[in-house]
Amino acid sequence: MAQSGFAALFLFLGLVVSDVYGENATICETILNATLSSANLTDFKLTVSPTTLLSKTDYTVSLEGTGNFTIFLQASSSSNPVGNWSQDVTTCKGSPLFNESFPNGKSINTTWTSPENVTSVTISAYIQNDTETFRLEKILIHVSNETTSATTVATTSATVTSHTESTQTAKGICYLKL
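According to mature numbering (1 follows the signal peptide of the UniProt record, and there is no 0), the sequence shown holds residues -22 to -1, 1 to 156 in order.
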């Protein structure tokens, strides 16, 4: 009798974990496949420090903002996810995923570790509410002269369209509104 009780418990836990993982993966795919809004993003500020790309270096990534949004952070090089994020929580196809509110003036801070042998990396912050998805970016460029700083900021946006399936692997951090 005790063995069947344990088996039922493990089956239940497996179903709960797989359901949560499936829901998280769908949320991240929806954000990554959304059409970006052209609305203004003055309520958000993305900062990355240091500002030049070095191999195997820890970077502080901060996003300050106002409002109730879902936030997804991603680092990519040549359209492929790269590096490692400091959080070790439920994943979204290799991406850490957080259930966290984003109240007025809150700053989300995390650490990203760069990989070896890349010449540029784009740190993207996808910001999504019920109707729109926005993106802020910082581009880190490897500079051979360490006294020179090279950072480019690009702001893009668009309106969310219907969800489409994607086989793209996302490696980043996702913050979800409660």
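Each residue gets a CB set at the ideal place from its N, CA and C atoms; glycine is no exception. Remember, predicted model here, so these are calculated numbers, not experimental data.
- Could you please give the first and the last residue of the uninterrupted beta strand (DSSP E) stretch that includes Val99? 98 to 106
- Task: Would you kindly check if the distance between the Cβ of Val39 and the Cβ of Ile101 is under 7 Å?
- Result: yes
- Just the C-alpha distance for Asn58 and Val99, rounded to the nearest angstrom, thanks. The alpha-carbon separation between Asn58 and Val99 amounts to approximately 10 Å.
- Task: Determine the closest residue to Pro93 out of Thr44, Ser54, Ser85, with distance taken between C-alpha atoms.
- Result: Relative to Pro93, the option among Thr44, Ser54, Ser85 whose CA is nearest is Ser54.
- Using a Cβ-Cβ cut-off of 6 Å (strictly less than) and excluding sequence neighbours within five positions of Asn62, which residues of its own chain qualify? Thr91
- Query: Within 10 angstroms of its Cβ, does Thr97 collect 16 or more other Cβ (buried), or is it exposed?
  - Reply: Residue environment: Thr97 is assigned as exposed (fewer than 16 neighbouring CB atoms within 10 Å of its CB, all protein chains considered).
- Message: Taking DSSP's pairing of strands, which residues face Thr25 in a bridge?
- Response: The partner list for Thr25 (beta bridge, DSSP) reads Ser40.
- Rounded C-alpha distance that separates Ala103 from Lys84: Rounded to the nearest angstrom, the two C-alpha atoms are 15 Å apart.
- Environment of Thr111 [buried if 16+ CB atoms lie within 10 Å]: buried
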